[in-house]
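*Asks:*
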Amino acid sequence: MGSKQYVVGIRSSPNSPIHVLTSSICTKVQGPLGPNYASVGSHYLNQTGDGEQITIVKTQNHTMLNTTSSEFPYDFGNLILETPSKIPPANLPFVDDSQIKRGMLTKVMGWGTTAEFIEETAEYSYELRDSCAGGQPGKGFEVGDFGAPLVLENGLGDSDDVLIGVVGHFGLGGQAGVPTASSRVSVAME
Numbered sequence: 001m002g003s004k005q006y007v008v009g010i011r012s013s014p015n016s017p018i019h020v021l022t023s024s025i026c027t028k029v030q031g032p033l034g035p036n037y038a039s040v041g042s043h044y045l046n047q048t049g050d051g052e053q054i055t056i057v058k059t060q061n062h063t064m065l066n067t068t069s070s071e072f073p074y075d076f077g078n079l080i081l082e083t084p085s086k087i088p089p090a091n092l093p094f095v096d097d098s099q100i101k102r103g104m105l106t107k108v109m110g111w112g113t114t115a116e117f118i119e120e121t122a123e124y125s126y127e128l129r130d131s132c133a134g135g136q137p138g139k140g141f142e143v144g145d146f147g148a149p150l151v152l153e154n155g156l157g158d159s160d161d162v163l164i165g166v167v168g169h170f171g172l173g174g175q176a177g178v179p180t181a182s183s184r185v186s187v188a189m190e
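Quick note: the sequence shown uses the UniProt record's numbering, first residue 1, plus one each step.
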């Protein structure tokens, strides 16, 4: 298998063997439409040929999520798995954000669109609860990446990767000079 096995098929990342941290948008659909299972360690969007398929038994959102605010503060969802995954989760950040430095390189992984989408009249405000990334043409979060992990790679391999953000409801990437916000994981740690 390849790298980044901690990326989950619902565009999320496990933060423990039975918990998957995602965006609240990924927990909204309930019932027969899902989310019904997490595909951990798979390299395919719609297949079950590799990785682990684990039933999701419960979904919950951050207790301070405010869906009536335009900033969507605390945009985190948590998926609880029926059985623990055998694949190690990404590391959580320090609560004080001391690992995060302005201008550092990060990586987002997801299955969103690869075409640039421009919202000409959109305005976004970013909060201290957010991590901004992108700003380069063709790079960044796109439609369909909601819930995707934003990670800091510390070295070779995945064992020291740190999950610093979760792609939320903010803007669209791939535009020169326009960063895209992710919900900063450290603010959700209670």
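Just so you know, even glycine gets a beta-carbon here, dropped at the ideal spot from N, CA and C.
Just verifying my parser: in three-state terms, what is the DSSP assignment at Ala181?
*Replies:* Three-state DSSP puts Ala181 in a strand.
*Asks:* From the DSSP output, read off the bridge partner residues of Asn91.
*Replies:* According to DSSP, which records beta bridges pairwise, Asn91 is partnered with Val162.
*Asks:* Using the beta-carbon count (16 or more within 10 Å), is Ser69 buried or exposed?
*Replies:* So Ser69 counts as exposed.
*Asks:* Return yes when the Cβ of Gly147 is within less than 8 Å of the Cβ of Ile56, no when it is not.
*Replies:* Taking 8 Å as the Cβ cut-off, Ile56 and Gly147 do not qualify as a contacting pair.
*Asks:* For Thr83, is the classification buried or exposed, using 16 other Cβ atoms within 10 angstroms of its Cβ as the cut-off for buried?
*Replies:* Under this definition Thr83 is an exposed residue.
*Asks:* With DSSP collapsed to three states, give me the class of Ser23.
*Replies:* In the structure shown, Ser23 sits in coil (DSSP, three-state: anything other than H, G, I, E or B).
*Asks:* Looking at the unbroken beta strand (DSSP E) that takes in Glu52, where does it start and where does it end?
*Replies:* Taken as a continuous stretch (DSSP letters only), the beta strand (DSSP E) holding Glu52 covers 52-61.
*Asks:* Applying the 10 Å Cβ sphere with the 16-neighbour rule, what's the burial state of Val167?
*Replies:* Looking at its Cβ environment, which holds 16 or more other Cβ atoms inside 10 Å, Val167 is buried.
*Asks:* What is the DSSP secondary structure of Ser39, reduced to helix, strand or coil?
*Replies:* Looking at Ser39 - three-state DSSP - the assignment turns out to be strand.
*Asks:* Taking 7 Å as the limit between beta carbons, can you name the residues of its chain near residue 207, skipping five residues before and five after?
*Replies:* Because the chain is modelled from 1 through 190, residue 207 falls outside the range shown and cannot be assessed.
*Asks:* Kindly indicate the opening and closing residues of the beta strand (DSSP E) around Asn66.
*Replies:* Asn66 -> no beta strand (DSSP E), and no H or E assigned at all.
*Asks:* Note down the Cα distance separating Lys86 from Pro17, rounded to an integer number of angstroms.
*Replies:* Whole-angstrom Cα-Cα distance: 7 Å.
*Asks:* Looking only at its chain, what residues have a beta carbon closer than 6 Å to the beta carbon of Ser186, apart from the 5 residues adjacent to it on each side?
*Replies:* Same-chain partners within the cutoff: Pro93, Val95, Asp97.
*Asks:* What does Pro149 pair with, by DSSP beta-bridge criteria?
*Replies:* Partner(s): Val166.
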